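Written out below as C-alpha cells is the structure these notes cover.
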Amino acid sequence: DVKVTQSSRYLVKRTGEKVFLECVQDMDHENMFWYRQDPGLGLRLIYFSYDVKMKEKGDIPEGYSVSREKKERFSLILESASTNQTSMYLCASSEVSGNIQYFGAGTRLSVL
Amino acid sequence: QKEVEQNSGPLSVPEGAIASLNCTYSDRGSQSFFWYRQYSGKSPELIMSIYSNGDKEDGRFTAQLNKASQYVSLLIRDSQPSDSATYLCAVVRLIGSNYKLTFGKGTLLTVNP
Numbered sequence: 001d002v003k004v005t006q007s008s009r010y011l012v013k014r015t016g017e018k019v020f021l022e023c024v025q026d027m028d029h030e031n032m033f034w035y036r037q038d039p040g041l042g043l044r045l046i047y048f049s050y051d052v053k054m055k056e057k058g059d060i061p062e063g064y065s066v067s068r069e070k071k072e073r074f075s076l077i078l079e080s081a082s083t084n085q086t087s088m089y090l091c092a093s094s095e096v097s098g099n100i101q102y103f104g105a106g107t108r109l110s111v112l
Numbered sequence: 001q002k003e004v005e006q007n008s009g010p011l012s013v014p015e016g017a018i019a020s021l022n023c024t025y026s027d028r029g030s031q032s033f034f035w036y037r038q039y040s041g042k043s044p045e046l047i048m049s050i051y052s053n054g055d056k057e058d059g060r061f062t063a064q065l066n067k068a069s070q071y072v073s074l075l076i077r078d079s080q081p082s083d084s085a086t087y088l089c090a091v092v093r094l095i096g097s098n099y100k101l102t103f104g105k106g107t108l109l110t111v112n113p
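Those sequence lines, one after another, are chains A and B. Going by this note's numbering, the first sequence opens with residue 1, and the numbers climb by one from there. Going by this note's numbering, the second sequence opens with residue 1, and the numbers climb by one from there.
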C-alpha cells in the first residue's frame, strides 16, 4: 500500500511564525503535491514537484514556498504565517504525472 | 465555465437506494477521470478510476464516462450509511508539457438509515 505521511495532524501557530509542514512518501513516487482545502473552496493546489529539487507553482502559491531535497520528502513552508493561512493542508504523491494521487492524512493548521 | 463542476448537495438518499453523483468538465482533451471519497475530517481516498467511454463497475460502485457530453458520473447501489461522505470528481488534463489533476468541489452525500 502507498503510504503518505504528514508529520503533524494538528498545528497551532502564531501570526508571523515560520511554519514547516513535512510530507514523506514510501513508494518512490516521482510526483508530490501540496493542497489546501477550505469549506466551499474545495482542494486548491499550492505547489507541486515532478523531481528532486524541482518545483512548480500551483494555483495559489502566494505566501508559500516548498523544498524537495530528497525524492521521498516534500516540505511546505509558510515564511510568515498569517491568519488567512488557517486551513487543512493535504500532501499527495503519484507515480507518474496525471495519474492517481494518494493523499496523506492532512494537517489542520490554525494561525492565531 | 469552471473546469470541473459538481453539485455541492447535500444529496440525501434512503438506505438501500441508488445514489447518483454527477460531474461535468470543460476541457474536451481531458483524459483520465477519478472519483475520491472524503469522510468528514479525513483525507480523500480513491474509489474509482475510468479512462474510456462507458461503464466501469467495482462492487456497489459504477463509474460512467461520456466524453462527447463531457460528463462523468458515479452510481452507488444499495447505499449504506457508511457511504455518507463528500465525493470528489477529479479530471486529468494536459497543460503544456504537464498533466494536471483538477478536482471538483465535491458533492456531500447523506444516506439515511
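Glycine is no exception: its CB is placed at the ideal position from the N, C-alpha and C atoms. Here the structure is a predicted model, which means the values were calculated and not measured.
8 Å Cβ cut-off: residues of chain A touching residue i
| i | result |
| --- | --- |
| Lys67(B) | Under the 8 Å cutoff, chain A gives no residues; its nearest Cβ is about 16 Å from Lys67(B). |
| Gly104(B) | Gly42 |
Alpha-carbon spacing of residue i relative to residue j, whole angstroms
| i | j | result |
| --- | --- | --- |
| Val66(A) | Ser32(B) | 27 Å |
| Val19(A) | Ile46(A) | 15 Å |
| Phe61(B) | Arg37(B) | 12 Å |
| Arg28(B) | Lys2(B) | 13 Å |
| Ser7(A) | Tyr99(B) | 28 Å |
| Arg44(A) | Tyr64(A) | 13 Å |
| Ile50(B) | Ile77(A) | 35 Å |
| Gly16(B) | Ala85(B) | 16 Å |
| Asn22(B) | Trp34(A) | 26 Å |
| Ile100(A) | Asp26(A) | 15 Å |
Under 9 Å by beta carbon: chain B residues contacting residue i
| i | result |
| --- | --- |
| Gln101(A) | Phe34, Tyr36, Pro44, Leu46, Ala90 and Leu101 |
| Leu90(A) | Ser43 and Pro44 |
Nearest-angstrom beta carbon gap, residue j and residue i [assumed within contact, 8 Å]
| i | j | result |
| --- | --- | --- |
| Ser82(A) | Val111(A) | 6 Å |
| Ser20(B) | Leu75(B) | 6 Å |
| Ser43(B) | Phe103(A) | 4 Å |
Contact list for residue i against chain B, beta-carbon separation under 8 Å
| i | result |
| --- | --- |
| Gly104(A) | Ser43 |
Cross-chain neighbours of residue i in chain A, by beta carbon under 7 Å
| i | result |
| --- | --- |
| Asn98(B) | Ser97 |
| Ser73(B) | Chain A residues near Ser73(B): none, gap ~19 Å exceeds 7 Å. |
| Ser49(B) | Ile100 |
Within chain A, the residues that residue i reaches when beta carbons sit closer than 9 Å
| i | result |
| --- | --- |
| Ser82(B) | The contacting residues do not exist; Ser82(B) stays about 19 Å from chain A at best. |
According to DSSP, residues forming a beta bridge with residue i
| i | result |
| --- | --- |
| Lys13(A) | Val111(A) |
| Gln80(B) | Looking at the DSSP assignment, Gln80(B) forms no beta bridge with any residue, so it has no partner. |
Under 7 Å by beta carbon: chain B residues contacting residue i
| i | result |
| --- | --- |
| Leu11(A) | Simply none; closest approach about 15 Å. |
Suppose only complete runs of 3+ residues qualify. What are the beta strand (DSSP E) ranges in the region 43-78 of chain B, listed by chain order? 45-50, 54-58, 61-66 and 71-76
3-residue-minimum beta strand (DSSP E) runs that sit fully inside the region 22-46 of chain B, ordered along the chain: 32-38
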